[in-house]
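From first to last, the protein sequence lines stand for chains A and B.
Residue numbering for the first sequence follows my numbering, beginning at 1 and increasing consecutively.
Residue numbering for the second sequence follows my numbering, beginning at 281 and increasing consecutively.
Structure record follows, encoded as structure tokens.
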Amino acid sequence: MPKTAHVSARMRQALLLAPSLIFLVVFFVMPLVDNSSRSFMTEDGSLTLARYGSFLSDRFYLGIIVETVVLSAAVTAISVLIAYPVAYVLVRKAGRLSGPIIFLLIAPLLTSIIMRTYGWQVLFARRGLVNQWLVTDLGILDAPLRLLNTPGLAIAALVHVLVPFAVLSIASVLQGVDRRLEEGALMLGASRFRTFFEVTLPLTMDGIGTGAILVFMIANGSFVTLVLLGGGFQTLPLLIYQQFNTTRDFALASTMSTILLVIALACLWLQLRLVRRQGA
Amino acid sequence: MKLNRRTFLGTGAAATGLIGLNGLPLRAQDRTLNVTAYGGVWERAIRDCFVAPFEAKTGATATVSLGGPAQWLAQVEANPENPPLDVLIMSPDLAVIAAEGDLMDDFTVEKLPNLANIPQEFTDACLGKGTYFDYGVGGITYNKQVVSDAPKSFAAFVDRVASGEFIASVPSIQYGPTTVFFLWALNNALGGTVDNVDPFFEAMAKMKDNLVFWAGPNDFFNHLASGEADLGIYFDGRTWNHVDEGVDWISFINPEEGGAMTAVAIQKPKNASDLAWDYLNEVLAPENQSKFAEILNYGVTNTKVEYSEKLASRVTPLSEANLPPYAEIARVRNDWVDRWNREIGM
Chain A
1 MPKTAHVSAR
11 MRQALLLAPS
21 LIFLVVFFVM
31 PLVDNSSRSF
41 MTEDGSLTLA
51 RYGSFLSDRF
61 YLGIIVETVV
71 LSAAVTAISV
81 LIAYPVAYVL
91 VRKAGRLSGP
101 IIFLLIAPLL
111 TSIIMRTYGW
121 QVLFARRGLV
131 NQWLVTDLGI
141 LDAPLRLLNT
151 PGLAIAALVH
161 VLVPFAVLSI
171 ASVLQGVDRR
181 LEEGALMLGA
191 SRFRTFFEVT
201 LPLTMDGIGT
211 GAILVFMIAN
221 GSFVTLVLLG
231 GGFQTLPLLI
241 YQQFNTTRDF
251 ALASTMSTIL
261 LVIALACLWL
271 QLRLVRRQGA
Chain B
281 MKLNRRTFLG
291 TGAAATGLIG
301 LNGLPLRAQD
311 RTLNVTAYGG
321 VWERAIRDCF
331 VAPFEAKTGA
341 TATVSLGGPA
351 QWLAQVEANP
361 ENPPLDVLIM
371 SPDLAVIAAE
381 GDLMDDFTVE
391 KLPNLANIPQ
401 EFTDACLGKG
411 TYFDYGVGGI
421 TYNKQVVSDA
431 PKSFAAFVDR
441 VASGEFIASV
451 PSIQYGPTTV
461 FFLWALNNAL
471 GGTVDNVDPF
481 FEAMAKMKDN
491 LVFWAGPNDF
501 FNHLASGEAD
511 LGIYFDGRTW
521 NHVDEGVDWI
531 SFINPEEGGA
541 MTAVAIQKPK
551 NASDLAWDYL
561 NEVLAPENQS
571 KFAEILNYGV
581 TNTKVEYSEK
591 LASRVTPLSE
601 ANLPPYAEIA
611 RVRNDWVDRW
621 NREIGM
């Protein structure tokens, strides 16, 4: 290829990339840098790490970091456990029903998360449908259960929102698994159980990894569900919102959001390493 | 269409130009004012009661930005030399912060003739850089179908919720005004002071097994409607709005100790358009405030306003509400929030 044509092609590529790069720099990188820089600045403009020192040396805040990560990990694990069988049925068994199943998976995502969360309130309130069923219709209980504002329900609501992301990630990888490998294992005497765990599962680790990362990241920053359904969870996103909305401590909010970002990146890196090792 | 470098660059330049033009502040157009409103019925009331008469009298136009005080104040703080908003609706505590930050203009009768009929204490509460134009009272809202004999005081509320007689829905710390209309009000009623909020936290500890928390006003109504709670701490105006919408099972009590007056302040950022004074004068005008009160079921501050019979029976008189010491609360609020987080949770 002549040198001028090569330069021209590269220039065209750069120009095509330019709008998205400019968009990312202006609306993602610059605000992120601006936000993080607040946490490292004193009011008179000198550099400081004091906010990180006081935040990370306070047991209360450390507890919040741990709670944020544990909650996200629990939601991720439950979502993947539910999503895998659904994805398996979708790809291997559903046949002509795969279209309706995908629609049913995606349909809830078309509804506002606030509406869905209010739906949980209506269903699980003290005089909601579930308690009415248990107390009045079936007569199993004498008094209604307290279901709202419990950790279990908050986790269930998050899982409900996030399972579709995991199903679609796993299904897309499962779809590409060469069935002849599984058939080969069966023909060589492996049980279905062993074939699944030694052939199918390792070949779908990429899908599990992608789904887990997606779910973890969204759960890590989840806010609306926890605000409306409570559950007693104290997480970083709730605390960050409070700094903007109530205390107006923007520097502390910036410190916490930088810590949340680092946690998210660290977990992303760990998950990627784990998935690659498992899939290798 | 073939995409070559020339058309790509041309289109990009045109798009950038359009985006740039779009980004020009509306204030640059001399006869346009950018005012603020909360969403929903608030926006309609602001447009009908204040924007319309302002536009009719001045021939100028007013655009309405929706949002909340924390966001609006942050926008002004980010660009005080050329504020993107000309009139701010503010919570009282943020009004004090904005005034202390010297971000707002002084309110005087010379600039605002209708200010003469607003009690001076409301302008003083904004340090002279704003005033209150509307207020509600935080008290006890209850489901009449479940609660036949509602608590008449904050003290009785605490005792009866603590005993398990009722499940109460109270505002969570995620809701901005909670520190004033719930924390301060209950603490004040139980004998506490701004510097001693132990009575409040002791009461919360007693009630904790029978509390649910609401994060926003709609959330509270859902708690009552779904039976998750029997009663709770809420606002008079919002309760009556539900009644007007056909909810006949809800009612409100202003506790005997007096609920906290939760006011709405109005301010003009420094360097905002001078047209804002005309608009603010309309906001403080008795005929406009009267119409505003009828729509929102909240009290207004112009002493010349005469409420309709229906509204007069609903609006809590100023004499029966407590005006919180917003400036003092602003000084200790972050400590209260931190203690709430550690003792009660978010």
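Ideal Cβ placement from N, Cα and C applies to all residues, glycine included.
**Message:** Based on DSSP bridge pairs, tell me the residues matched to B/S449.
**Reply:** B/V492, B/G512
**Message:** Can you confirm whether the segment 256-265 of chain A touches the segment 209-226 of chain A when touching is taken to mean that 3 or more C-beta pairs between the two stretches lie within less than 8 Å?
**Reply:** yes
**Asked** Of all the CB atoms in chain A, is at least one closer than 8 Å to the CB of B/I513?
**Response** So no, B/I513 is outside the interface.
**Item:** Whole-number beta carbon distance between B/P457 and B/L470, since they are thought to touch under 8 Å
**Value:** Contact flag wrong, Cβ pair sits at about 19 Å.
**Request:** Leaving out five residues on either side along the sequence, give the residues of the same chain with a beta carbon under 7 Å from the beta carbon of A/V26.
**Result:** Listed in chain order, the non-local C-beta contacts of A/V26 below 7 Å within the same chain number zero, local neighbours out to five positions each way being set aside.
**Between the CA atoms of A/H160 and A/G230 - distance to the nearest angstrom** = 16 Å
**Request:** Give the secondary structure of B/L346 by DSSP, where H, G and I count as helix, E and B as strand, and everything else as coil.
**Result:** strand
**Request:** Report the residue from B/W557, B/G444, B/A543 whose alpha carbon sits nearest the alpha carbon of B/G579.
**Result:** B/A543
**Prompt:** Which residues, in order along the segment 472-494 of chain B, keep a beta-carbon less than 8 Å from a beta-carbon of chain A?
**Reply:** V492, F493
**B/F572 to B/I326 span [Cα, whole Å]** = Looking at the two C-alpha atoms, the distance is approximately 8 Å.
**Asked** Quick one: what's got a C-beta closer than 7 Å to B/I609's C-beta in the same chain, skipping five residues either side?
**Response** D373, T459, V460, W464, V474
**Prompt:** Is B/S428 helix, strand or coil when you go by DSSP?
**Reply:** coil
**Request:** Could you spell out the range, first to last residue, of the beta strand (DSSP E) harbouring B/S531?
**Result:** 530-533
**Asked** If you compare alpha carbons, which of A/G209, A/V75, A/C267, A/S254 is closest to A/L285?
**Response** Outside the shown range of chain A (1 to 280) lies residue 285 of chain A, about which nothing can therefore be said.
**Request:** Give a yes or no on whether the C-beta atoms belonging to B/L263 and B/K550 are separated by under 8 Å.
**Result:** Within the shown structure, residues of chain B are numbered from 281 to 626, placing residue 263 of chain B beyond reach of any answer.
**Message:** Let me confirm a value: A/A14 is counted as buried when at least 16 other C-beta atoms fall within 10 Å, else exposed. Which label applies?
**Reply:** Exposed, since its Cβ has fewer than 16 Cβ neighbours within 10 Å.
**Chain-ordered chain B contacts of A/L228 [CB-CB under 7 Å]** = A495, D499
**Prompt:** Under the three-state reduction of DSSP, which class applies to B/T316: helix, strand or coil?
**Reply:** strand
**Prompt:** Using CA coordinates, which residue listed in A/L147, A/T195, A/G45, A/G139 is at the minimum distance from B/S243?
**Reply:** Outside the shown range of chain B, which is 281 to 626, sits residue 243 of chain B, and nothing can be said about it.
**Asked** How many Å lie between A/T117 and A/T225 at the Cα?
**Response** 6 Å
**Message:** Would A/N245 and B/Q454 qualify as a contact pair, given that the criterion is a beta-carbon distance under 8 Å?
**Reply:** yes
**Message:** Determine, for A/F103, whether the minimum Cβ-Cβ distance to residues of chain B falls below 8 Å.
**Reply:** no
**Prompt:** A/V167 and A/A83 look like a contact to me (Cβ under 8 Å); what is the Cβ gap, rounded to whole Å?
**Reply:** 4 Å
**Prompt:** Taking buried to mean at least 16 other C-beta atoms within 10 Å of its own C-beta, is A/A18 buried or exposed?
**Reply:** exposed
**Request:** Measuring alpha carbon to alpha carbon, tell me which of B/S553, B/K409, B/G418 ends up nearest B/I377.
**Result:** B/K409
**Whole-angstrom distance between B/D489 and B/E629, CA atom to CA atom** = With chain B covering 281 to 626 only, the question about residue 629 of chain B has no answer from this structure.
**Request:** Count the C-beta pairs between the segment 51-67 of chain A and the segment 122-134 of chain A that are closer than 8 Å, then say yes if the count reaches three, no if not.
**Result:** With the cut-off at 8 Å, the segment 51-67 of chain A and the segment 122-134 of chain A do not touch.
**Request:** From the DSSP output, read off the bridge partner residues of B/Q547.
**Result:** B/L368
**Request:** Please determine if the segment 432-446 of chain B and the segment 596-606 of chain B are in contact, where contact requires at least 3 C-beta pairs separated by less than 8 Å.
**Result:** no
**Message:** Quick check on B/G625 - is its C-beta less than 8 Å from some C-beta in chain A?
**Reply:** yes
**Asked** Cβ atoms of B/M541 and B/A592: under 8 Å apart, would you say?
**Response** no
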